[in-house]
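Report on the structure given below.
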Amino acid sequence: MKLIFIHGHIPQGYEALELKKRWTDALKIGLSRSGLSLPLDKNDIIFSYYGQELGALATSANWALEQTVKESNISLRTETRIIHDFLLEVSKNAGLDIELIASRNGISLIHRSYLNWTWVRLLLETLDKHAVWSQLSIRRMTYEIYCYLSNPVFRDAVHDVVLNQMDREPAVIVSHGLGSIVAYHALLKNPQLQISRHFSLGNPMGLQAVSASLEPIRFASSLKGDWINYYDHRDPIALNEISGADRQTESQISNHGGTYTRTENHHDIGGYLNNQHIAREIYDALTHSAPRSSSNHIQHLKFWAIISPSFSFMGELELFGCIFSFF
Numbered sequence: 000m001k002l003i004f005i006h007g008h009i010p011q012g013y014e015a016l017e018l019k020k021r022w023t024d025a026l027k028i029g030l031s032r033s034g035l036s037l038p039l040d041k042n043d044i045i046f047s048y049y050g051q052e053l054g055a056l057a058t059s060a061n062w063a064l065e066q067t068v069k070e071s072n073i074s075l076r077t078e079t080r081i082i083h084d085f086l087l088e089v090s091k092n093a094g095l096d097i098e099l100i101a102s103r104n105g106i107s108l109i110h111r112s113y114l115n116w117t118w119v120r121l122l123l124e125t126l127d128k129h130a131v132w133s134q135l136s137i138r139r140m141t142y143e144i145y146c147y148l149s150n151p152v153f154r155d156a157v158h159d160v161v162l163n164q165m166d167r168e169p170a171v172i173v174s175h176g177l178g179s180i181v182a183y184h185a186l187l188k189n190p191q192l193q194i195s196r197h198f199s200l201g202n203p204m205g206l207q208a209v210s211a212s213l214e215p216i217r218f219a220s221s222l223k224g225d226w227i228n229y230y231d232h233r234d235p236i237a238l239n240e241i242s243g244a245d246r247q248t249e250s251q252i253s254n255h256g257g258t259y260t261r262t263e264n265h266h267d268i269g270g271y272l273n274n275q276h277i278a279r280e281i282y283d284a285l286t287h288s289a290p291r292s293s294s295n296h297i298q299h300l301k302f303w304a305i306i307s308p309s310f311s312f313m314g315e316l317e318l319f320g321c322i323f324s325f326f
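Numbering (numbering that gives the first Met the number 0), first residue to last: 0 to 326.
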């Protein structure tokens, strides 16, 4: 069994080996809270890195966002609505008062449009000031998601890189952020893959602005087991459940919202992976441990979601040095 990590947004300057180590170390911390260790060799961990493709966007993200919105005001390109709707939804999830922001800046309801760069820029700047993003750039993340969902050339380039690092051996996928959308498409388009379980963490597919470009959300034939989606109730990028079903198997996406992350930035992959419950579920998937019954699984999940923020003294010093933000 192999473990495949698929990242999303990453801070500039991070390379594949460094990111793989950060993800692996975070998972090890989560496992140590259950007295467990990583049940596979480091060579069986695949980090599907497409950072160069994202890096090509990063150099022009600020300028490109502005130009894209301004040009859409002339050409009326409706796909640019993704940019506005994504920012508006994340702003609301982050607890921002949209009416107050608009009134303080003299922007009437009719001008709160995806075609108005002044309004879109105001959402960007307000989010940057309000939310704790650490090294996350909300501008870059917004542009990356927009390009992935609206540009098939960029999307195919990402898929090619990710798939070149995968094979037909049985594997468990752990994805994060944009990487969850990448994993979803990769599984749909490649039925030869043998994925026993998919864990999506901090997945933005629950946002209406994103899901509208993906509907209907389906199960891939390459996914042989469960799709388990974890989202922290304080993560504005992934606050909502994902709906979707496979008509043939009647499989459902297993959504689990709770208080999982103890990092300052609640979208942080480290915060998800070093969570005791999430790490244990990944361990069970890798070792083929017998799944819990549905009722026991849900009760166990709720228990750890409630107590994990306070049940943290053991290993806290170890965790202190490992708070980081990468996507």
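Note that CB positions come from ideal geometry on N, CA and C, so glycine has one too. A quick note: this is a predicted structure, and the numbers were derived from the prediction, not measured.
In the three-state reduction of the DSSP assignment, residue 85 falls in the helix class, which pools H, G and I.
The C-alpha of residue 116 lies about 52 Å from the C-alpha of residue 34. Residue burial annotation: residue 1 is buried, with at least 16 other C-beta atoms found within 10 angstroms of its C-beta. Residue 253 is positioned such that its CB atom lies closer than 8 Å to that of residue 225.
Per DSSP, the beta bridge partners of residue 194 are 170, 222. Residue 92 sits in a helix when the DSSP states are folded into three classes. In the displayed model, residue 155 falls within a helix according to three-state DSSP.
Distances from the CA of residue 47 to each of 159, 211, 261, 39 were compared; the closest alpha carbon is that of 159. By the beta-carbon neighbour count (other beta carbons within 10 angstroms, threshold 16), residue 62 is exposed. The C-alpha of residue 88 is placed about 31 Å away from the C-alpha of residue 15.
The C-alpha of residue 189 is placed about 8 Å away from the C-alpha of residue 220. Among the bridge pairs identified by DSSP, residue 40 is matched with none. Around residue 36, the same chain offers 27, 30 as residues with beta carbons nearer than 8 Å, after the five sequence neighbours per side are excluded. According to the DSSP assignment, residue 287 belongs to no alpha helix (DSSP H), since it is labelled neither H nor E. In the DSSP annotation of this structure, the continuous segment of the alpha helix (DSSP H) that includes residue 121 starts and ends at 116-129.
Residue 183 and residue 264 have their C-alpha atoms spaced approximately 25 Å apart. Around the C-beta of residue 173, 16 or more other C-beta atoms lie within 10 Å, and the residue is accordingly described as buried. Within 10 angstroms of the beta-carbon of residue 267 lie 16 or more other beta-carbons, which makes it buried. Look at residue 275 here: in three-state DSSP terms it is helix. Rounded to the nearest angstrom, the Cβ distance from residue 187 to residue 217 is 7 Å, consistent with a contact under 8 Å.
In summary, residue 286 is exposed, with fewer than 16 beta-carbon neighbours lying within 10 Å of its beta-carbon over all protein chains present.
In the three-state scheme derived from DSSP, where H, G and I count as helix and E and B as strand, residue 184 is classed as helix. Sixteen is the threshold: when 16 or more other Cβ atoms of the shown chains lie within 10 Å of the Cβ of residue 92, as they do, the residue is buried.
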